[in-house]
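In terms of the UniProt record's numbering, the sequence shown is numbered consecutively and its last residue is 161. All remarks here apply to the structure that follows.
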Amino acid sequence: MAAAAVLAAGVRAACRALVAAGPQGAQVRGAAGMTDGGEVAKAQQAAPGGAAPTIFSRILDRSLPADILYEEQQCLVSRDAAPQAPVHFLVIAKTPIPRISQAEDQQLLGHLLLVAKKTTKAEGLGDGYRLVINDGKIGAQSVYHLHIHVLGGRQLLWPPG
1 MAAAAVLAAG VRAACRALVA AGPQGAQVRG AAGMTDGGEV AKAQQAAPGG
51 AAPTIFSRIL DRSLPADILY EEQQCLVSRD AAPQAPVHFL VIAKTPIPRI
101 SQAEDQQLLG HLLLVAKKTT KAEGLGDGYR LVINDGKIGA QSVYHLHIHV
151 LGGRQLLWPP G
């Protein structure tokens, strides 16, 4: 009974801390003491569904250079310009879907995952990797064009964020 009261008090304190942190939330540091590198701030400023081209639409139309690993009719795979792991690439849908929460094409979504798996083999990630899809401001989505982050090449920590 006493343990439950202590747990409840801890949860209430954590909730108060989150409320006090404001709409952008608390900054969480990982085991290495690193913050998110500004991605949360970028996500707070990002324009969902804006008329301006995204960095990914510019990569797709070749107006912005990228280290392309694979390309076909439905997607393009390129290395991340700001890698967060020794191997960090993106599987970018060619169809301009702003958010995973707005996606409905099951065939395309499955295809993106299979391309990610295929590329991990080519990149030598047989020991494991992580797939990440950010969604919306709270999910730290800074580019509103559907893409999957694939990270590997080192021990990844948990929880991720």
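Every residue, glycine too, gets a C-beta built ideally from N, C-alpha and C. Please read these numbers as outputs of a predicted model, since none were measured by experiment.
Could you tell me which of Lys-137, Val-77, Gly-136 and Arg-130 sits nearest to Arg-154, measuring between CA atoms? Arg-130
Residues that Gly-152 bridges to, as DSSP identifies them: DSSP lists Val-87 and Tyr-129 as partners of Gly-152.
What separation, rounded to the nearest whole angstrom, lies between the Cα atoms of Ala-52 and Gln-106? 27 Å
Less than 6 Å between C-beta atoms, sequence neighbours within five positions excluded: which residues of the same chain meet that for Glu-123? Val-87
Can you tell me whether Arg-62 is helix, strand or coil according to DSSP? Collapsing the DSSP output to three states places Arg-62 in coil.
Among Gln-73, Asp-135 and Ile-68, whose alpha-carbon lies nearest the alpha-carbon of Lys-94? Comparing Cα positions, the closest option is Gln-73.
Using a 10 Å radius around the Cβ and a threshold of 16 neighbouring Cβ atoms, would you call Gln-141 buried or exposed? buried
CB of Asp-55 within 8 Å of CB of Val-91, strictly: Just to set this straight, residue 55 is Ile in the shown sequence, not Asp. Taking 8 Å as the cut-off, the Cβ atoms of Ile-55 and Val-91 do not count as close.
For Glu-39 and Asn-134, the rounded distance between their alpha carbons: 11 Å
Cutoff 6 Å; reference residue 163; Cβ partners in own chain excluding five residues on either side: Residue 163 lies beyond the stretch modelled for the chain, which goes from 1 to 161, so this question has no answer here.
In the DSSP assignment, the alpha helix (DSSP H) including Leu-112 goes from what residue to what residue? First-last of the alpha helix (DSSP H) with Leu-112: 106-122.
Where Ala-140 sits in the DSSP three-state scheme: The answer is coil: DSSP assigns Ala-140 none of H, G, I, E or B.
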